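Residue numbers for the sequence shown follow the working numbering, beginning at 806 and rising by one. For each residue, glycine too, the CB sits at the ideal point set by N, CA and C. Quick caveat: nothing in here was measured; it's all calculated off a predicted structure.
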Amino acid sequence: MGIIHINKLKPGMVLDEEVRDINGRLLLKKNKQIQAAHIRIFKIWGITEVEIHGNNGSKEVSASSVDPQQVEKIKESTLNLFRHVDLDHPAIKEIFRISIVFRSTYDLSNHENNNEGLAEIDSQQSKVENNILQKLNQESITLPEIPSIVFELNEVIANPLSSAEDIAQVVHRSPSLTALLLKIVNSPFYGFPSKIDKISLAVTLIGTREISGLALGISILSMFNNIPKEILSMYSFLRHSLACGIISRILAAHKSIPQTEQLFVSGLLHDLGRLILYSYFPEESRNILSRARLSDRLLYHQENDCLGCNHTHLVKQLLQEWKLPMVLENNVFYHHCPSEAQQPIPATLVHLADVITNSLGIGTSGERYVPPLDNIAWESLGLSPTCFDVVIKQATHQFFALESMLDV
Ligand SMILES: [Fe+2]
Ligand SMILES: [Fe+2]
């Protein structure tokens, strides 16, 4: 048995796992033989891969073909990344194992950025700033306005009489968003059989909530394009955000949570507070990153020490001002301590997705270590660590299929 990409699926193959769409609706039962019509339906519903009997065709995440000495080296560096977490915890133990296999299989070194340029800054000279929240609250800093396209999109989607054409009209007001959405719907992530060249068709095929979620996340992240390169590579930040969004959504599907696109957006925006910090307080950001690097501390602990708050506090006000859905605020604000959230389950999924993303090393938001797992939240989630293997395989396929959207 094995996971196979939808484009490699052939009539006659037999399903080893049932196939459900992103909202949990059953499309085909386990042990059924796949017909050409099923493949078309899978593509229409955005299924990117399925598990079939007797397959070993897709690239398995396996370290067996890698030089043992190289694996030993990777193991050593991975141990360092996990220095702030409990390696005896069953979930962490499994994530650690998969992380070594993943890092042995994929060379991500060219893509990632660990703010190396900051190493020479003398952190002792830097002044600690601890009234950042006050500055934000006193409005001496003006946070960005909600992008008008997101506001209009939310309005048109909230109206039950809106058609796919109405939504398309709003999207068309932003040529860059139009181009990006078309690029995404034509990527292997969705795997539609023919080219989609109209937003209205994309809305019909993918769904209004999915399109609005993607548009919301993309529009918000693209507002922060002025971050000094030595602080953070935006490309690396977007990779971290996208991977976290994809893993959040896959974990939600495993928990049979219906509104998976909300989890995708939450994962996409979970570290948005860091973009506010890096954009509006570059001097303080250099200080924090430099101190965290020199002391080998977790970045959000260093933020707490230097600012009296961390990136999750910085984003709360913005999400409230923009009147984004409460669950988004819940998931983003509590992604480092989900057991304290009003809605702990979705916050825990984003938290877990962040832990996994950091462990795999796909991009970074500035953090250099795997953040600690909230054990109370983990226990209440009721998820088995045995699911991580398939979650990460699915996420890897989806991430590499969507990765090209970051080149825009
Ligand atoms: Fe974070
Ligand atoms: Fe993160």
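* Asked: Should D1159 be counted as a contact of ligand 1 given a C-beta to heavy atom distance under 7 Å?
  -> If you number the sequence shown from 1, residue 1159 lands on position 354. Under cutoff, so the answer is yes.
* Asked: Looking only at C-alpha atoms, which of V975, G1168 and G996 sits nearest to L1037?
  -> By 1-based counting over the sequence shown, the position of residue 1037 is 232. Checked all of V975, G1168 and G996; the closest Cα to L1037 is G1168.
* Under 8 Å between the Cβ atoms of I1181 and F907? -> By 1-based counting over the sequence shown, the position of residue 1181 is 376. By 1-based counting over the sequence shown, the position of residue 907 is 102. Result no, Cβ atoms of I1181 and F907 do not sit closer than 8 Å.
* Can H1075 be considered in contact with ligand 1, in the sense that its beta carbon sits closer than 7 Å to one or more heavy atoms? -> Taking the sequence shown and counting its residues from 1, the one referred to as residue 1075 is at position 270. Within the cutoff, so yes.
* Asked: Do we get a CB-CB distance below 8 Å when we pair L1043 with the residues of chain C?
  -> Annotation note: the requested chain C is absent from the structure, which comprises a single protein chain.
* Is H1140 near ligand 1, in the sense that its beta carbon is under 7 Å from a heavy atom of that ligand? -> Translated into the one-based positions of the sequence shown, residue 1140 becomes position 335. Yes.
* Asked: Between the stretch 947-966 and the stretch 1100-1113, are three or more C-beta pairs nearer than 8 Å?
  -> no
* How is Q974 classed by DSSP in three states: helix, strand or coil? -> Position 169 of the sequence shown holds residue 974. Correct three-state label for Q974: helix.
* What are the boundary residues of the beta strand (DSSP E) that E822 is part of? -> For the purposes of this step, residue 822 is taken as residue 17 along the sequence shown, with counting starting at 1. It is not in any beta strand (DSSP E) - E822 carries neither H nor E in the DSSP assignment.
* Asked: Can the beta-carbon of V990 be found closer than 8 Å to that of I1001?
  -> Here residue 990 corresponds to residue number 185 of the sequence shown, with the count starting at 1. Here residue 1001 corresponds to residue number 196 of the sequence shown, with the count starting at 1. Against a cut-off of 8 Å, the Cβ pair of I1001 and V990 comes out as a contact.
* When you compare only the Cα positions, how much space is there between P1033 and Q939? -> The sequence position of residue 1033 within the sequence shown is 228, counting from 1. The sequence position of residue 939 within the sequence shown is 134, counting from 1. Straight-line Cα distance between these residues: approximately 24 Å.
* Asked: Excluding the five sequence neighbours on either side, which residues of its own chain have a C-beta within less than 6 Å of the C-beta of I808, listed in chain order?
  -> Numbered from its first residue, the sequence shown carries residue 808 at position 3. So the list reads E854, E856, S863 and K1198, once near-sequence residues are dropped.
* To do: Count the other C-beta atoms from every protein chain shown that fall within 10 angstroms of the C-beta of N836, then say buried if there are 16 or more, exposed otherwise.
  => Within the sequence shown, the letter at position 31 stands for residue 836. Exposed: under 16 other Cβ atoms inside 10 Å.
* To do: Flag this pair as yes or no: are the beta carbons of L1056 and L1073 separated by less than 8 Å?
  => Stepping through the sequence shown from its first residue, residue 1056 is reached at position 251. Stepping through the sequence shown from its first residue, residue 1073 is reached at position 268. No. Outside cutoff.
* Leaving out five residues before and five after V1132 in sequence, what residues of the same chain have Cβ atoms less than 7 Å from its Cβ? -> In the sequence shown, the residue the question calls residue 1132 occupies position 327. So the list reads Q1067, Q1148 and P1151, once near-sequence residues are dropped.
* Return helix, strand or coil for G807, following the three-state DSSP convention. => Taking the first residue of the sequence shown as 1, we reach residue 807 at position 2. Strand.
* Asked: Going straight from the alpha carbon of I811 to that of G996, what length do you get?
  -> As a working mapping, residue 811 is identified with position 6 in the sequence shown. As a working mapping, residue 996 is identified with position 191 in the sequence shown. The straight-line gap from Cα to Cα measures roughly 7 Å.
* Asked: Can the beta-carbon of H858 be found closer than 8 Å to that of L1178?
  -> Locating residue 858 in the sequence shown gives position 53, where the first residue counts as 1. Locating residue 1178 in the sequence shown gives position 373, where the first residue counts as 1. Not closer than 8 Å, so no.
* To do: Could you work out which residue in I852, L820, F901 and L832 is closest to Y1174 when comparing CA atoms only?
  => The residue given as residue 1174 occupies position 369 in the sequence shown. Closest option to Y1174, Cα to Cα, is F901.
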